[in-house]
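K.L.:
This is the structure I have questions about; it appears just below.
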Amino acid sequence: MTRDRILAIDIGTGSVRVALVGLDGRIEAMVQREHDQLTPKHGWSEQRASQWWANAEAGIRQILAEHPSAANQLLCIATCGQMHGTVLVDDNLRPVLDEVPLWNDKRCEAEVRAFSARDDLSRIMTLTGNPPTTAWPAFKLMWLKTHRPEAWSKATGVLMPKDFINACLTGVRATDLSEASCFYLLDARTGRYDGGLLALFGLDPGFLPEIKAATDVIGAVLPAVCRSTGLPEGLPVVAGTSDMAASILGSGVHESGVASDSTGTSTLLTVVSDAPRPAVGVNNLHLANRAWGVFTILDAGGDAMRWARLAFHDNALSYAEIAAMAEGSPAGCGGLVFLPYLSGERNAARHNARAQFFGLTRRHRAGDMHRAVIEGSAFGARRCLDDLTAATGPISRLIASGGGSRSDFVLTVKASIYGLPILRTADAENGIVGCAMIGGLGLGTFADTAAAVRACVRFDREIQPNPAWQDKYSRLFTVFNDLYRLSAPFYDVLDAVEGDYRHAAPGDEIH
532 MTRDRILAID IGTGSVRVAL VGLDGRIEAM VQREHDQLTP KHGWSEQRAS
582 QWWANAEAGI RQILAEHPSA ANQLLCIATC GQMHGTVLVD DNLRPVLDEV
632 PLWNDKRCEA EVRAFSARDD LSRIMTLTGN PPTTAWPAFK LMWLKTHRPE
682 AWSKATGVLM PKDFINACLT GVRATDLSEA SCFYLLDART GRYDGGLLAL
732 FGLDPGFLPE IKAATDVIGA VLPAVCRSTG LPEGLPVVAG TSDMAASILG
782 SGVHESGVAS DSTGTSTLLT VVSDAPRPAV GVNNLHLANR AWGVFTILDA
832 GGDAMRWARL AFHDNALSYA EIAAMAEGSP AGCGGLVFLP YLSGERNAAR
882 HNARAQFFGL TRRHRAGDMH RAVIEGSAFG ARRCLDDLTA ATGPISRLIA
932 SGGGSRSDFV LTVKASIYGL PILRTADAEN GIVGCAMIGG LGLGTFADTA
982 AAVRACVRFD REIQPNPAWQ DKYSRLFTVF NDLYRLSAPF YDVLDAVEGD
1032 YRHAAPGDEI H
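My numbering applies: residue 532 is where the sequence shown begins, and numbers increase by one.
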């Protein structure tokens, strides 16, 4: 039987998805199992590593049970996943602390602030290609070492979410260059861990996973996993990559100067470059191919709509119904502005920023508030985009991907606020498609990245800005920026009122 299917696994912030993907990039079947974010205090965001694996294992078992012939058609497994989730493991690759601080967790703010005061910060930013932020695993490890000493004493290594799943599948401890490029422990020029940074953070090289190319085969599925899931013995597993790099590749963005807007839980704006471009307000990560992505991020990009759906409707309405309500409201929502910083803000001096509605009147209704959430997320992304283009220069093409790209209305709001047309991919599951491309490249099915893109990526249509909205959005963007600047002193006051959220007890969970 021909082996012409990839089993793609995506460890997302909202769910684990397992899919069967053909070598033409078409998704033939997919199952999804949701999991919660745990937020014990403002600025904290956790998930349980054991839940990721339980969902992945059950998802594999389900999809193979529903498609009995698929197991013998599999070429390999390729994973992608949310970045920066810092899983401490023991010698047996089991988590020593099940509650994992995620990419949007801000509890190590004090460590980042102290590090940012270093005299040699400019040199370190040039070395790593990045400014210090609460997202990077090096700072999360600093916090864990101080505040979770019992777990730290048992830990012999660290893995990121998709690397942990790969370890469960194969028993191999490895990561890929995309993940490692954002550990804040890597020399961006050489692609290797830097001894000086390891010493600075008090880490032994053996504590860190070996760095592989995303397409490298790292091992085969363990016999015990084959028995529990129905996977065939000897099935190879490639290193895979970050969900960001997989989504960028799966949307066809791989050439210098092309930009990506990938909106899922967050909004990631990325321009492909031949080298890192360190600058204020931007970050750099290695992509799944031989290129760098210069990027900015809005942590609450799509998560703001998810929050509004929960807060206003207890998840009873679909996202399509919410977008339809918002579309019935006029542009600018009658002077209502929303700041989307529900989980703080990573790429700014104010990591403890708060969300807010401004301009509420008695005439406003739910549709106005939903549109304000959509517009506010786009304004927040526009702030990021301005920082990005200042570092990279003009954008030649902007391609939208991810679940947040499916609504024509939402994309038209974005295009009007960005002042740019936006090309949309035909398939929303770009991370899954990117995984399949990586698997195919790793097993020699595609000659190179360009060939994989030609085989697997299709586009829908280009969304244009709405000229009737643009003047109003230009004026409201000024209000948005002023609100952010003038609200800054109150964020620390609210922290003090709430208490020191950096030292909450584990298990003090709010779902």
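Even glycine gets a Cβ: it sits at the ideal position worked out from N, Cα and C.
Below 6 Å CB to CB, which residues in the same chain sit around Trp838 once its five sequence neighbours on both sides are set aside?
P.N.:
The residues are Leu873.
K.L.:
My understanding is that Ala745 touches Thr772, with C-beta atoms under 8 Å, so please give their C-beta distance in whole angstroms.
P.N.:
So it is a contact: roughly 4 Å between Cβ atoms.
K.L.:
Three-state secondary structure (DSSP) at Arg1033?
P.N.:
Bear in mind that a pLDDT of 43 at Arg1033, under 50, signals an unreliable position, so the number given afterwards is only what the model happens to contain. Three-state DSSP puts Arg1033 in a helix.
K.L.:
Does the stretch 614 to 625 come into contact with the stretch 590 to 606, if we say contact requires no fewer than three beta-carbon pairs (one atom in each stretch) closer than 8 Å?
P.N.:
No: fewer than three Cβ pairs fall under 8 Å.
K.L.:
Just list the alpha helix (DSSP H) runs in the stretch 791 to 875, keeping only unbroken ones of 4 residues or longer that don't cross its boundaries, in chain order.
P.N.:
Listed in chain order, the complete alpha helix (DSSP H) runs (minimum 4 residues) inside the stretch 791 to 875 are 834 to 844, 850 to 858.
K.L.:
What does Tyr1022 pair with, by DSSP beta-bridge criteria?
P.N.:
Bridge partners of Tyr1022: none, in fact.
K.L.:
Can you pull the DSSP bridge partners for Arg724?
P.N.:
According to the sequence displayed, residue 724 carries Tyr and not Arg. DSSP output for Tyr724 lists Leu717 as bridge partner(s).
K.L.:
For Met561, which beta-bridge partners are listed by DSSP?
P.N.:
Paired residues: Ala550.
K.L.:
Return the chain-ordered ranges of every alpha helix (DSSP H) run that is complete within the stretch 680 to 765 and spans a minimum of 4 residues.
P.N.:
Counting only runs of 4 or more, we get 680 to 685, 692 to 701, 708 to 711, 726 to 731, 754 to 760.
K.L.:
Where Leu717 and His573 are concerned, what is the direct C-alpha to C-alpha distance, given to the nearest angstrom?
P.N.:
Roughly 30 Å between the two C-alpha positions.
K.L.:
What does Thr772 pair with, by DSSP beta-bridge criteria?
P.N.:
Its beta-bridge partners are Cys611.
K.L.:
Reducing DSSP to helix, strand and coil, say where Leu919 ends up.
P.N.:
Reduced to three states, the DSSP call for Leu919 is helix.
K.L.:
Please report the straight-line C-alpha distance between Asp497 and Ala931, rounded to a whole angstrom.
P.N.:
This structure leaves residue 497 out entirely; the chain is present only between 532 and 1042.
K.L.:
Would you say the stretch 693 to 708 touches the stretch 641 to 659, given that touching needs at least three Cβ pairs under 8 Å?
P.N.:
Cβ pair count under 8 Å is below three, so no.
K.L.:
For the beta strand (DSSP E) that contains Asp541, what are its first and last residues?
P.N.:
It spans 536 to 542 - the beta strand (DSSP E) in which Asp541 sits, taken as one unbroken run.
K.L.:
With a CB to CB cut of under 6 Å and the five nearest residues on each side skipped, what residues in its chain are close to Thr976?
P.N.:
Same-chain partners within the cutoff: Leu554.
K.L.:
So, with DSSP's three-state summary, where would you put Ile1041?
P.N.:
Residue placement at Ile1041 is flagged as unreliable, the pLDDT there being 32, under the threshold of 50; the coordinate-derived value follows with that caveat. Three-state DSSP puts Ile1041 in coil, outside helix and strand.
K.L.:
Mapping DSSP to helix, strand and coil, what is Thr956?
P.N.:
Looking at Thr956 - three-state DSSP - the assignment turns out to be strand.
K.L.:
Per DSSP, which one or two residues make a beta bridge with Ile930?
P.N.:
Answer is Ser791, Leu954, bridged to Ile930.
K.L.:
Check whether the stretch 806 to 819 and the stretch 839 to 859 are in contact - that is, three or more C-beta pairs closer than 8 Å.
P.N.:
Contact fails: fewer than three Cβ-Cβ distances are below 8 Å.
K.L.:
Determine the extent of the alpha helix (DSSP H) in which Glu642 is found, giving its start and end residues.
P.N.:
Element bounds for Glu642: 640 to 647.
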